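The opening residue of the sequence shown carries number 0 in numbering that gives the first Met the number 0; numbering runs sequentially from there.
We put the CB at the ideal spot given by N, CA and C, even for glycine.
These figures come from a predicted structure and were not determined experimentally.
Right, one structure below, let's go through it.
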Amino acid sequence: MNYELSQLPERPPKPREQGYTMVMDKGMSLREVEDFLEVGGEYTDVVKLGWATSYVVPNLKRKLEIYRAAGVPVYFGGTLFEAFIIRNQYDDYRRLLDTYSMEYAEVSDGSIDLDHDRKCEYIRDLSKSVQVLSEVGSKDAEKIIPPYKWISQMETELAAGAIKVIGEAREGGNVGLFRSTGEVRSGLVEEILTKIPSEKILWEAPQKAQQVWFIKLLGANVNLGNIAPNEVVSLETIRLGLRGDTFSHFLDMDAVDPMFRPAAKTGKPGTSMPRG
0 MNYELSQLPE RPPKPREQGY TMVMDKGMSL REVEDFLEVG GEYTDVVKLG WATSYVVPNL
60 KRKLEIYRAA GVPVYFGGTL FEAFIIRNQY DDYRRLLDTY SMEYAEVSDG SIDLDHDRKC
120 EYIRDLSKSV QVLSEVGSKD AEKIIPPYKW ISQMETELAA GAIKVIGEAR EGGNVGLFRS
180 TGEVRSGLVE EILTKIPSEK ILWEAPQKAQ QVWFIKLLGA NVNLGNIAPN EVVSLETIRL
240 GLRGDTFSHF LDMDAVDPMF RPAAKTGKPG TSMPRG
């Protein structure tokens, strides 16, 4: 960092097991990737090439090389996996991963009705050669999955070999974990957390309010995904309590300048700081 500040939450260095920031590349040019990595590469743990953009984006091989040279792993979006599966081209998908030397793969069923046992078979098979992220939840806003099913699927997919399970939200943050308004389904999230360790879940949270909600609930090192490239630095400041949304959340109020301590302790009206 450029200078010293006290009372900041600790962020483990990369590669890390928790505190992931997963960025969604929706078709950036090579120059845009280079510019993004110059500023945000240090704070990015993994990049997803959104849905099936890798099929149409030019210079795919060169793009992957730029990410790898910066030490940032990349994977193809889960919708691409589904596009191969529905066309009965799983072997072609495997060859695709080999052709581009992919180290990660996403297994999802947000756009197709895939038998869950078969989904776990794909996870088991792929995890022999790559690190698998499996996505739970539907992209269909009308399809409401009860909490017990989220939990059951997450448990079995982790047992099948997924290194993390992804909570579905799409790039807009308005399905799955969230209502159409972007509001978090808080009861669903809290019930999931009674059974699934938080470090094993990557929550898709593209909207700032959603990121703030998860950070306040689970701390600076919650795993968050579907982050826009130009929001990575912003997210890092939210994680550290250096933006208004979480400004006082991580502070020890007994250690701050006395004039900023809560009025209940100092007796001075109008000087309290909300805990967030």
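Item, Value
"First through last residue of the beta strand (DSSP E) which encompasses Gly166", "Lys163 to Gly166"
"Distance between beta carbons of Glu81 and Asp44, contact taken as under 8 Å", "With a Cβ gap of about 24 Å, Asp44 and Glu81 do not count as contacting."
"Phe75, enclosing beta strand (DSSP E) - first and last residue", "Val73 to Phe75"
"Counted within 10 angstroms of its Cβ, other Cβ atoms place Arg169 as buried (16 or more) or exposed", "buried"
"Beta-ladder partner(s) of Met23, from DSSP", "Lys47"
"Spatial distance of Pro146 from Glu3 (CA atoms)", "43 Å"
"8 Å Cβ cutoff, Ala51 in contact with chain D", "Here chain D cannot be found, since the structure has a single protein chain."
"Check: Gln209 C-beta below 7 Å from any heavy atom of the ligand GTP", "As far as ligands go, the structure on display features none, and thus does not contain the ligand GTP."
"Reduced DSSP secondary structure (H/G/I, E/B, other) of Gln130", "strand"
"Validate contact between the stretch 154-163 and the stretch 115-132 using beta carbons, cut 8 Å, 3 pairs", "yes"
"Those residues which DSSP pairs with Val183 across a bridge", "Phe177"
"Sequence-distant residues of the same chain with beta carbon closer than 8 Å to Asn173, five excluded per side", "Ala140, Ser179, Thr180 and Gly181"
"Opening and closing residue of the beta strand (DSSP E) in which Ala276 lies", "There is no way to answer for residue 276, as the model of the chain reaches only from 0 to 275."
"Spatial neighbours of Gln206 in its chain, beta-carbon cut-off 7 Å, leaving aside the 5 residues before and after", "Gly172 and Gly181"
"Close Cβ partners of Thr20 (< 7 Å) along its chain, the five nearest in sequence each way excluded", "Tyr42, Thr43, Asp44, Leu223, Ile226, Val231 and Leu234"
"Three-state secondary structure assigned by DSSP to Ala254", "coil"
"Bridge partner(s) assigned by DSSP for Ala104", "Val131"
"Residue span of the beta strand (DSSP E) that contains Glu203, given as start and end", "Ile200 to Glu203"
"Residues that Gly224 bridges to, as DSSP identifies them", "Glu203"
"Nonlocal neighbours in the same chain, by C-beta distance under 8 Å from Pro8, ignoring five residues either side", "Gly218, Ala219, Asn220, Arg238, Leu239, Gly240 and Phe249"
"Inter-residue spacing [alpha-carbon to alpha-carbon] between Lys267 and Gly49", "In this prediction, Lys267 scores a pLDDT of 43, lower than 50, which makes its location untrustworthy; the coordinate-derived value is nonetheless stated afterwards. If you take the alpha carbons of Lys267 and Gly49, they lie about 52 Å apart."
"Pairwise C-alpha distance: Val131 and Leu95", "15 Å"
"Whole-Å CB distance - Gln209 paired with Phe177, under 8 Å assumed", "7 Å"
"Buried/exposed call for Gln88, threshold 16 Cβ in 10 Å", "exposed"
"Cβ neighbour criterion (16 or more within 10 Å) applied to Glu189", "exposed"
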